[in-house]
Amino acid sequence: MGPALVTPYALTVDAGTRELRAADHLLRSLAAELALPEDAFACTHLVRGARPRVVLSLTLPSEPLLSTALERLTAGGHAVTRGVPDPVGRAVLYPGVASLTGTLTVGDVLSRSAIDRVTVLGAPEPPAPDTPLTTRDHVRPQWQDGALVLTAMPAAGGTLVPFEVPDPTPCCADH
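834 is the number of the first residue of the sequence shown in the numbering used here; add one for each residue after it.
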């Protein structure tokens, strides 16, 4: 597991959110309210079963920050538990995310952020470090086997784009 998933300084927030976009918005709002440091991780996790929803995890660098976040989130009426719900969170906020704007090389993405690896759909090998990646200002890597991995796909002109699009078309939008 990656360092953000094995730390004892993690919380799960269950706000009953059902959509990723709403969960992303809530994570950003909570991060601002809590003044999370840049080395914090904030992820979404899909919960299946009788009550499908998206829960949030916050991984903080210290016990004092964890205690403060726990107290403030609980006082705000959120259902909060210690730890992360699973090892495969989708990172929304993580070290270096603010620098991942515009078009960068894969090497830049890896050196500027907590992302450990970039993979390309359908490609057996990772992309070359000098491969351009157009971020669309929406980079959502996911924890896989303890590494933070960004899945990308080929785009026009030999570039890559993150697999997750910033504004997905809802299912059945034309009906």
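Ideal Cβ positions, reconstructed from N, Cα and C, are used throughout, including at glycine.
Does the Cβ of histidine 878 have 16 or more other Cβ atoms within 10 Å, making it buried, or fewer, making it exposed? buried
Tell me the residue span of the alpha helix (DSSP H) that contains arginine 945. 939-945
Let me check understanding here. Comparing Cα to Cα, which of Ala980, Gly979, Thr964 lies closest to methionine 986? Thr964
Alpha-carbon spacing of proline 836 relative to tyrosine 842, whole angstroms: Any reading at proline 836 must be qualified, since the residue scores a pLDDT of 45, below 50, and its modelled position is unreliable; no value is offered.
Pull up the distance between the alpha-carbon of glycine 849 and that of leucine 899, whole angstroms please. 21 Å
Which of helix, strand or coil DSSP assigns to threonine 901: Helix at threonine 901.
Where the alpha helix (DSSP H) through serine 1009 begins and ends: A query on residue 1009 cannot be resolved here, the shown segment of the chain reaching from 834 to 1008 and no further.
Segment limits, beta strand (DSSP E) that includes glycine 990: No beta strand (DSSP E) holds glycine 990; DSSP gives it neither H nor E.
Let me know the secondary structure DSSP gives threonine 964 once reduced to three states. coil
Among Thr936, Leu867, Ala956, Leu954, which one has its Cα closest to the Cα of histidine 971? Nearest C-alpha to histidine 971: Thr936.
Taking only the alpha-carbon atoms, compute the straight-line gap between threonine 892 and arginine 969 and give it to the nearest angstrom. 25 Å
Any idea which residues DSSP pairs alanine 912 with across the strands? When beta bridges are read from the DSSP output, alanine 912 appears opposite Asp847.
How many Å lie between histidine 911 and arginine 881 at the Cα? If I take the Cα positions, the gap works out to 20 Å.
Mapping DSSP to helix, strand and coil, what is alanine 875? strand
Given leucine 943, which residues of its chain have a CB within under 8 Å of its CB, disregarding the five upstream and five downstream residues? Within its own chain, the residues whose Cβ lies closer than 8 Å to the Cβ of leucine 943, once the five positions on either side in sequence are excluded, are Asp949, Arg950, Val951, Pro962, listed in chain order.
Contacts around valine 953, its chain only, beta-carbon distance under 6 Å, and the 5 residues preceding and following it disregarded: Pro960, Ala985
With DSSP as the reference, please indicate the residues paired to alanine 980 in a beta bridge. Gln977
Own chain partners of proline 974 with C-beta closer than 7 Å, once the 5 adjacent residues on each side are dropped: Ala924, Ile948, Leu981, Val982, Leu983
According to DSSP, is methionine 834 helix, strand or coil? Because the pLDDT of methionine 834 is 39, which lies under 50, any placement of that residue in the model is unreliable, and the number read from its coordinates should be weighed accordingly. Methionine 834 falls in the coil class under three-state DSSP.
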